[in-house]
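One structure below.
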Amino acid sequence: MVSRALLRDRPDFVRQSLARRRHDTSVVDEFLRADREWRAAISALDEDKKERNRLSAAFAAARSAEPASLESLRDASTLLSVRIKQNESAAASLERKADSVLTEMPNVLLDDVPDGADFESNVELRRVGEQTSFEFAPLPHWEIGERLGILDFARGVSLARSRFTVLRGAGARLNRALINFFLETNVAAGFTEIVPPILVNRESVRASGHLGKFADLMFSVDDGALFLSPTAEVQLVNLHRGEILESDHLPKLYTAYTPCFRQEAGAAGKDTRGLVRQHQFEKVEVVAVCSPDDAARLHQTIVDQAESLLQALGLPYRLVLLCGADTGFAARKTYDLEVWLPGQQTYREISSCSDCGDFQSRRAMIRYRADAADKPRYAATLNGSALPVGRTLLAILENYQREDGAVTVPGVLRPYMDGATAIT
RNA sequence: GGAGAGAUGGCUGAGCGGCUGAAAGCAACGGUUUGCUAAACCGUCAAAGCGCCUUUAAGCGCUUUCGAGGGUUCGAAUCCCUCUCUCUCCGCCA
Numbered sequence: 237m238v239s240r241a242l243l244r245d246r247p248d249f250v251r252q253s254l255a256r257r258r259h260d261t262s263v264v265d266e267f268l269r270a271d272r273e274w275r276a277a278i279s280a281l282d283e284d285k286k287e288r289n290r291l292s293a294a295f296a297a298a299r300s301a302e303p304a305s306l307e308s309l310r311d312a313s314t315l316l317s318v319r320i321k322q323n324e325s326a327a328a329s330l331e332r333k334a335d336s337v338l339t340e341m342p343n344v345l346l347d348d349v350p351d352g353a354d355f356e357s358n359v360e361l362r363r364v365g366e367q368t369s370f371e372f373a374p375l376p377h378w379e380i381g382e383r384l385g386i387l388d389f390a391r392g393v394s395l396a397r398s399r400f401t402v403l404r405g406a407g408a409r410l411n412r413a414l415i416n417f418f419l420e421t422n423v424a425a426g427f428t429e430i431v432p433p434i435l436v437n438r439e440s441v442r443a444s445g446h447l448g449k450f451a452d453l454m455f456s457v458d459d460g461a462l463f464l465s466p467t468a469e470v471q472l473v474n475l476h477r478g479e480i481l482e483s484d485h486l487p488k489l490y491t492a493y494t495p496c497f498r499q500e501a502g503a504a505g506k507d508t509r510g511l512v513r514q515h516q517f518e519k520v521e522v523v524a525v526c527s528p529d530d531a532a533r534l535h536q537t538i539v540d541q542a543e544s545l546l547q548a549l550g551l552p553y554r555l556v557l558l559c560g561a562d563t564g565f566a567a568r569k570t571y572d573l574e575v576w577l578p579g580q581q582t583y584r585e586i587s588s589c590s591d592c593g594d595f596q597s598r599r600a601m602i603r604y605r606a607d608a609a610d611k612p613r614y615a616a617t618l619n620g621s622a623l624p625v626g627r628t629l630l631a632i633l634e635n636y637q638r639e640d641g642a643v644t645v646p647g648v649l650r651p652y653m654d655g656a657t658a659i660t
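Per this note's numbering, the first sequence starts with residue 237, numbered consecutively.
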């Protein structure tokens with residue numbers, strides 16, 4: 237949630253940020269109008285309430301002192317209460333109006349986020365690793381996986397529906413190896429491992445910014461009371477919802493392996509083959525909760541963490557800074573890591589590392605005290621995938637494929653695979 | 001699924017119509033004492049919103065908040081209704 241104070245004090249700054257996102261800027265004025273009206277209403281209302289409190293106190297005093305005046309006090313107070321009740325509902329609807337505009341407003345971008353209308357304007361910062369080349373024509377992972385009998389798309393569909401897949405044998409083993417490798421590396425780097433619920437309530441998805449317009453991203457159960465989490469970012473950010481943290485306990489660094497579920501309603505016809513876009517996928521996520529002063533540093537820490545995993549696996553990738561229009565709703569700055577997929581001759585997103593500033597903290601009321609005597613302040617939250625399991629698995633299949641149809645197992649994963657050097 | 005108990009500040013926990021934004025204790029913070037540590041003593045210590053003032057900070061004023069929503073009343077943490085959640089016991093089950 238964008239700060240109300242910022243919108244009031246520096247509306248042009250917020251408009252500018254919205255424009256850089258190619259977002260409608262009139263929402264700022266919509267908010268300011270509702271906010272102004274609400275503040276006027278609440279001021280008048282408070283005056284009435286003050287008077288009612290005075291009358292009540294006078295009533296209590298008059299009970300013994302001058303019983304004769306009780307009736308007129310009672311009448312005056314009753315009259316006032318009726319007016320307060322009316323004005324209260326008017327004020328509440330103005331507040332709801334301002335709030336609903338605010339809830340739908342994306343985060344304010346950091347200054348160094350590049351301008352741009354779409355992904356074409358994203359800035360490639362660097363490439364790491366040579367694009368894998370072969371003496372033969374490389375295959376896409378779905379062909380490699382089906383030939384090896386480790387990916388079974390048809391049976392996934394028969395068990396659930398399209399965009400569900402079955403992993404078998406060495407494929408399932410490779411999947412588990414990746415989970416263990418990611419988690420152990422993240423824990424060694426100082427992240428605390430969490431096993432959260434996979435079903436999350438409305439309040440949690442609202443706080444992380446996944447509800448609103450993004451509600452159709454998620455599968456819901458129990459008549460919409462709960463959602464299948466679309467990313468462990470939801471659970472990890474909400475771990476401290478409503479809390480005031482001690483500053484010497486910050487930063488909080490978390491990592492979790494979870495299944496994730498997405499409807500992918502807007503992606504009909506896109507990436508229909510293979511593991512790239514599934515309704516159910518698995519991911520190891522990292523999240524940091526920290527003081528705003530620490531956000532930039534920890535953003536880098538998270539990117540480094542994701543990069544170190546890709547490097548250890550020997551996967552070529554590039555680091556991209558997303559432009560305004562491509563930066564997600566809750567983020568104020570996002571780096572994407574894109575892995576090279578030789579079967580498709582392209583870089584594909586494999587990790588998205590976002591600095592959300594205090595945007596999520598405001599919604600989730602995650603605060604901390606910089607000093608014991610200070611007022612609580614909103615924390616900053618950051619998140620990144622480190623890494624998604626399915627997309628990493630497919631990247632390994634494509635980058636480590638051999639002419640004979642086998643796939644070499646990257647060295648760091650062999651200890652998790654009984655020392656196997658290849659999947660044949 | 002059946003029966004009961006409960007939801008109050010960072011934590012424990014009292015309050016059961018006006019004197020309660022809330023006793024007491026713990027924790028925290030400031031200070032006194034002390035050779036150091038500990039102990040003891042004194043003091044401070046909920047959050048949010050709006051307004052005033054100010055460059056900001058601080059400060060001041062008002063309002064709201066005792067799980068959520070509604071009701072009764074001149075007045076609700078306190079009485080009534082609904083909902084949500086938590087805990088205990090029984091049953092069932094991994």
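C-beta atoms are modelled at their ideal positions from N, C-alpha and C, and glycine is treated no differently.
C-beta contact flag for residue i and residue j at 8 Å
i: I386; j: G405; result: yes
i: Q541; j: A468; result: no
i: S588; j: G560; result: no
i: V457; j: V436; result: no
i: V625; j: Y636; result: no
i: R598; j: Y604; result: no
i: Y490; j: V522; result: yes
i: R661; j: R513; result: Nothing can be reported for residue 661: it is not among the residues displayed for the chain, which extend from 237 to 660.
i: T366; j: V556; result: Checking the sequence, you will find Glu at residue 366 rather than Thr. Against a cut-off of 8 Å, the Cβ pair of V556 and E366 comes out as no contact.
i: V263; j: V337; result: yes
i: A658; j: V645; result: yes
i: S300; j: S313; result: no
i: D666; j: F355; result: The displayed coordinates of the chain run from 237 to 660. Any statement about residue 666 would go beyond what the structure contains.
i: V473; j: A600; result: yes
i: I434; j: P350; result: no
i: V402; j: R412; result: no
i: L315; j: D284; result: no
i: I586; j: A631; result: yes
i: F418; j: P466; result: no
i: L384; j: G641; result: yes
CB-CB length for residue i against residue j, believed under 8 Å
i: L410; j: L629; result: 6 Å
i: R568; j: L346; result: 5 Å
i: A492; j: I430; result: 4 Å
i: L281; j: E340; result: With 8 Å as the limit, L281 and E340 do not qualify as a contact, their Cβ atoms being about 26 Å apart.
i: T617; j: V539; result: No, T617 and V539 are not in contact; Cβ-Cβ is about 15 Å, not under 8 Å.
i: T546; j: V520; result: The question names Thr, but residue 546 in the sequence shown is Leu. Actually they do not touch by this definition, with Cβ atoms about 13 Å apart.
i: L577; j: E634; result: 5 Å
i: I320; j: R288; result: 7 Å
i: R244; j: D271; result: 7 Å
i: S527; j: A615; result: 7 Å
i: A326; j: A277; result: 6 Å
Local Cβ density within 10 Å of residue i, reported as buried at 16 or more and exposed below that
i: G478; result: exposed
i: R194; result: Look at the range of the chain in this structure, 237 to 660, and you will see that residue 194 is not part of it.
i: T537; result: buried
i: Q322; result: exposed
i: K506; result: exposed
i: S444; result: buried
i: S308; result: exposed
i: I480; result: exposed
i: N343; result: buried
i: H231; result: There is no way to answer for residue 231, as the model of the chain reaches only from 237 to 660.
i: N358; result: buried
i: A396; result: exposed
i: T421; result: buried
i: P432; result: buried
i: E190; result: Because the chain in this structure spans residues 237 to 660, residue 190 falls outside the shown range and cannot be described.
i: D572; result: buried
i: A424; result: exposed
i: L242; result: exposed
i: E518; result: buried
i: L306; result: exposed
i: T570; result: buried
i: D594; result: buried
Between the stretch 489 to 508 and the stretch 550 to 557, are three or more C-beta pairs nearer than 8 Å?
no
Let me know the beta strand (DSSP E) ranges lying completely inside the stretch 268 to 311, each 3 residues or longer, listed in chain order.
none
What runs of the beta strand (DSSP E), each 3 residues or longer, lie entirely inside the stretch 363 to 435?
428 to 430
Output the residue ranges of the alpha helix (DSSP H) runs that lie fully inside the stretch 302 to 359 and measure 4 residues or longer, sorted by chain position.
306 to 339
Which runs of the alpha helix (DSSP H) spanning at least 4 residues fall entirely within the stretch 554 to 633, listed in chain order?
595 to 600
Which ranges does the beta strand (DSSP E) cover as unbroken runs of at least 3 residues, wholly within the stretch 474 to 516, from first to last along the chain?
480 to 482, 488 to 497
Enumerated in chain order, which unbroken segments of the alpha helix (DSSP H) with a length of 4 residues or greater are wholly contained in the stretch 452 to 477?
468 to 474
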